[in-house]
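Residue numbers (our numbering): 5 to 570.
Encoded as structure tokens, the structure appears first; notes follow it.
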């Protein structure tokens with residue numbers, strides 16, 4: 005379903021994160037492709053972190069035009085007048101998480117999350133292209149570049165649909181390009197490909213199971229794979245064995261907790277302090293304390309001159325610096341978030357029937373946290389052979405995404421997060437089905453009009469190329485396209501009806517009806533819809549028997565058109 009790299013010369017991967025974003029690339033036609041990281045970022049200065057901040061700035065006088073991004077936008081935040089003259093957008097990736105924000109809500113600059121993400125990706129993409137084409141990649145035309153974009157495993161189909169739309173708006177590809185020129189992969193899947201590639205010293209054997217805990221800025225995603233082949237060059241290396249899971253409990257929530265602790269220590273003066281002062285203290289926490297804190301030592305902050313020291317308690321001052329007690333940081337900042345991560349790992353671990361897990365890999369920016377690593381080790385070291393944080397853990401996701409772009413068949417199967425199906429007129433059962441759904445067809449058959457026809461069940465292990473075929477009918481010439489409404493539920497039980505609680509319409513599948521010169525107007529025409537649920541994105545095709553297979557558009561944002569959407 006996804007082509008190999010034959011037509012592509014360069015693979016560029018983007019890890020657009022909640023707090024930081026990164027990029028890596030590789031050339032396809034080499035014996036052993038080498039992955040290169042983009043490490044030069046505008047206004048980076050002496051910062052050694054290999055990514056750039058996911059921050060954008062817009063002038064309040066022109067809120068639709070991005071003026072700064074990345075490090076330059078972060079530096080702007082430290083200027084006293086910045087908040088008065090600019091909208092500074094941070095953590096805006098979280099706006100695509102429907103569990104945190106209402107669908108259709110706008111950012112502070114009154115623009116949609118898709119538009120703001122597209123603006124940021126435009127800047128990121130242009131810079132990366134400039135860096136890549138300074139080298140040998142300048143010899144290849146842009147249409148031979150394939151892109152791989154990472155997304156949280158917990159994201160809905162709609163969120164992934166919006167991410168693809170933002171990438172197209174940003175110019176990564178054109179809307180009419182082959183769909184597989186831009187491929188999506190879940191962040192923990194990408195991290196798994198990196199870990200199994202980079203950690204040969206772990207000595208993974210066929211049948212070993214590895215759990216990936218991708219702890220980033222916004223989300224923590226978990227996924228469990230089984231090693232299918234010990235040969236690291238194998239085309240069929242990993243298969244997903246349980247349903248992955250995730251939550252919005254990344255390191256940005258440490259920041260929120262720390263800000264609350266700061267406000268508690270600063271007292272009443274906090275409401276009169278300029279935003280740049282608070283940003284200065286937050287930066288000290290984010291850059292120095294958050295990654296290195298181990299739960300044992302007190303920490304210190306340099307206090308900006310705008311803070312009135314006389315209003316601070318003596319026990320939190322030491323020669324002009326603010327003391328942060330280790331116990332306060334543990335209990336008020338780290339533990340509330342870390343406990344959620346531990347609960348997620350426990351839940352994922354308990355999904356394994358025989359609870360046989362060889363290794364837990366902690367990756368991502370938050371995954372590199374000393375305190376998180378220590379707590380995971382304390383909790384699981386008696387049950388899991390190895391708990392590891394691989395080298396360059398912050399780049400694990402984006403580097404793994406390059407490997408996936410080079411060979412999308414490295415992932416052999418995925419586990420469905422939801423049950424998918426359509427509304428279909430199935431045989432009516434007098435003992436169960438409601439009379440209001442009973443209909444008699446012209447051929448005399450009695451049907452139930454509200455039945456749910458299951459395509460894929462939650463928890464099903466689906467090979468990536470597995471095709472589900474459904475025969476359907478349309479009357480030729482009456483319409484130019486027919487819509488099939490796709491429904492889904494996250495409930496563990498299989499629904500009988502499409503309109504029962506917990507079942508939601510998730511997409512309108514628009515099937516264009518081709519020109520068929522030998523078919524009369526109004527004639528009933530059979531066609532076959534082919535559906536692929538084993539990929540990161542749901543893909544569909546329609547075959548009318550004309551010799552041409554038509555790509556079908558899944559419109560995940562079209563549900564509001566229909567009165568029966570929920």
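Glycine residues also receive a C-beta, built at the ideal position from the N, C-alpha and C atoms.
Distance, residue j Cα to residue i Cα
i, j, result
"residue 395", "residue 28", "16 angstroms"
"residue 538", "residue 148", "26 angstroms"
"residue 371", "residue 256", "13 angstroms"
"residue 1", "residue 555", "Past the boundaries of the shown model lies residue 1; the chain is included only from 5 to 570, so the question cannot be answered."
"residue 157", "residue 316", "44 angstroms"
"residue 65", "residue 357", "58 angstroms"
"residue 347", "residue 249", "11 angstroms"
"residue 284", "residue 82", "7 angstroms"
"residue 520", "residue 171", "35 angstroms"
"residue 52", "residue 301", "24 angstroms"
"residue 506", "residue 493", "6 angstroms"
"residue 368", "residue 174", "25 angstroms"
"residue 410", "residue 282", "44 angstroms"
"residue 280", "residue 245", "48 angstroms"
"residue 46", "residue 113", "24 angstroms"
"residue 216", "residue 101", "21 angstroms"
"residue 127", "residue 159", "24 angstroms"
"residue 309", "residue 270", "13 angstroms"
"residue 422", "residue 218", "21 angstroms"
"residue 78", "residue 251", "26 angstroms"
"residue 339", "residue 23", "20 angstroms"
"residue 418", "residue 275", "49 angstroms"
"residue 570", "residue 509", "For residue 570, the pLDDT reaches just 36, beneath the cut-off of 50, and the residue's location in the model is therefore unreliable, although a value from the coordinates is still provided. Near 6 angstroms, if we compare the C-alpha coordinates of residue 509 and residue 570."
"residue 325", "residue 55", "29 angstroms"
"residue 243", "residue 414", "9 angstroms"
"residue 558", "residue 504", "23 angstroms"
Distance between beta carbons of residue j and residue i, contact taken as under 8 angstroms
i, j, result
"residue 49", "residue 59", "With 8 angstroms as the limit, residue 49 and residue 59 do not qualify as a contact, their Cβ atoms being about 15 angstroms apart."
"residue 241", "residue 200", "7 angstroms"
"residue 466", "residue 420", "6 angstroms"
"residue 186", "residue 213", "Rounded, the Cβ-Cβ distance is 31 angstroms, inconsistent with contact."
"residue 154", "residue 189", "6 angstroms"
"residue 14", "residue 31", "6 angstroms"
"residue 138", "residue 117", "In fact, because the Cβ distance is near 32 angstroms, the residues do not count as touching under 8 angstroms."
"residue 333", "residue 297", "6 angstroms"
"residue 337", "residue 258", "6 angstroms"
"residue 501", "residue 454", "5 angstroms"
Endpoints, the beta strand (DSSP E) within which residue i is located
i, result
"residue 558", "553-559"
"residue 516", "507-516"
"residue 463", "No beta strand (DSSP E) holds residue 463; DSSP gives it neither H nor E."
"residue 157", "First-last for residue 157: undefined, no H or E at that position."
"residue 63", "59-63"
"residue 100", "Residue 100 -> no beta strand (DSSP E), and no H or E assigned at all."
"residue 89", "Note, residue 89: premise wrong, no beta strand (DSSP E); alpha helix (DSSP H) at 86-89."
"residue 366", "363-367"
"residue 141", "That residue, residue 141, is in no beta strand (DSSP E); it is neither H nor E in DSSP."
"residue 528", "528-536"
"residue 398", "Run containing residue 398: none; DSSP gives neither H nor E here."
"residue 218", "213-219"
For residue i, the three-state DSSP class (helix, strand or coil)
i, result
"residue 112", "coil"
"residue 321", "strand"
"residue 566", "At residue 566, the pLDDT of 41 sits below 50, so the modelled position is not reliable and the matter cannot be decided from this model."
"residue 38", "coil"
"residue 390", "strand"
"residue 189", "strand"
"residue 522", "coil"
"residue 429", "strand"
"residue 28", "strand"
"residue 176", "coil"
"residue 208", "coil"
"residue 545", "strand"
"residue 335", "helix"
"residue 66", "strand"
"residue 468", "coil"
"residue 20", "strand"
"residue 197", "helix"
"residue 403", "helix"
"residue 370", "helix"
Residue span of the alpha helix (DSSP H) that contains residue i, given as start and end
i, result
"residue 379", "374-384"
"residue 76", "74-81"
"residue 167", "161-173"
"residue 339", "339-354"
"residue 411", "Where residue 411 is concerned, there is no enclosing alpha helix (DSSP H), given that its DSSP letter is neither H nor E."
"residue 122", "117-136"
Practice task
Would you list, in sequence order, the uninterrupted alpha helix (DSSP H) runs of no fewer than 4 residues that lie entirely inside the stretch 228-309?
Solution key: 256-270 and 279-288
Handout entry: beta strand (DSSP E) runs wholly inside the stretch 471-503, at least 3 long, in chain order
Key = 472-479 and 485-493
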